[in-house]
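Read left to right, the sequence shown gives residues 13 to 107 (my numbering).
We treat Cβ as the ideally placed atom computed from N, Cα and C, and that holds for glycine.
The structure under discussion appears below in the form of structure tokens.
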Amino acid sequence: MDYKRVIFSGHAIRQMFSRAISKDDVLVVIRDGEVITDYPDDKPYPSCLILGFVKNSPIHVVFTFDRETKIGIVITAYIPDLRLWTENFKSRRQS
């Protein structure tokens, strides 16, 4: 993605604070992580779920991108729970 800057939604900031995830951690995930799910029908822009590792810990970031303004938007970030995700953190467990 060719973005000029990244902004963080209010929801993302609150969740990151409560989960002790820094902005730098999220930027590393966006830059170096792997898109594991695309959400092409999300509005107002398609989004994706990115998996990255910071200090050997997995982090999921939901990210969207405004192609017109070239601004990336962090919707949320969290540490995936192994009770909900497979061991590689790429797929949800079947219930």
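Since residue i is in the beta strand (DSSP E), which residue starts that stretch and which ends it?
i: L63; result: S59 to V66
i: D78; result: S69 to D78
i: R17; result: R17 to F20
So, helix, strand or coil for residue i, using DSSP?
i: A32; result: coil
i: D50; result: strand
i: I42; result: helix
i: R105; result: coil
Assign residue i to one of two classes, buried (16 or more other C-beta atoms within 10 Å of its C-beta) or exposed (fewer than that).
i: G45; result: buried
Can you name, in chain order, every residue of its own chain whose Cβ lies under 6 Å from the Cβ of residue i, other than the five neighbours on each side?
i: F20; result: V86
Quick one: residues in its chain with C-beta nearer than 8 Å to the C-beta of residue i, no 5 flanking neighbours on either side, listed in chain order?
i: P52; result: P58
Spatial neighbours of residue i within its chain, please: C-beta separation below 7 Å, excluding the five flanking residues on both sides.
i: T143; result: In the structure as shown, the chain starts at 13 and stops at 107, and residue 143 therefore has no counterpart that could be examined.
Between the stretch 60-70 and the stretch 79-87, do three or more beta carbon pairs fall short of 8 Å?
Output reads no: the stretch 79-87 does not touch the stretch 60-70.
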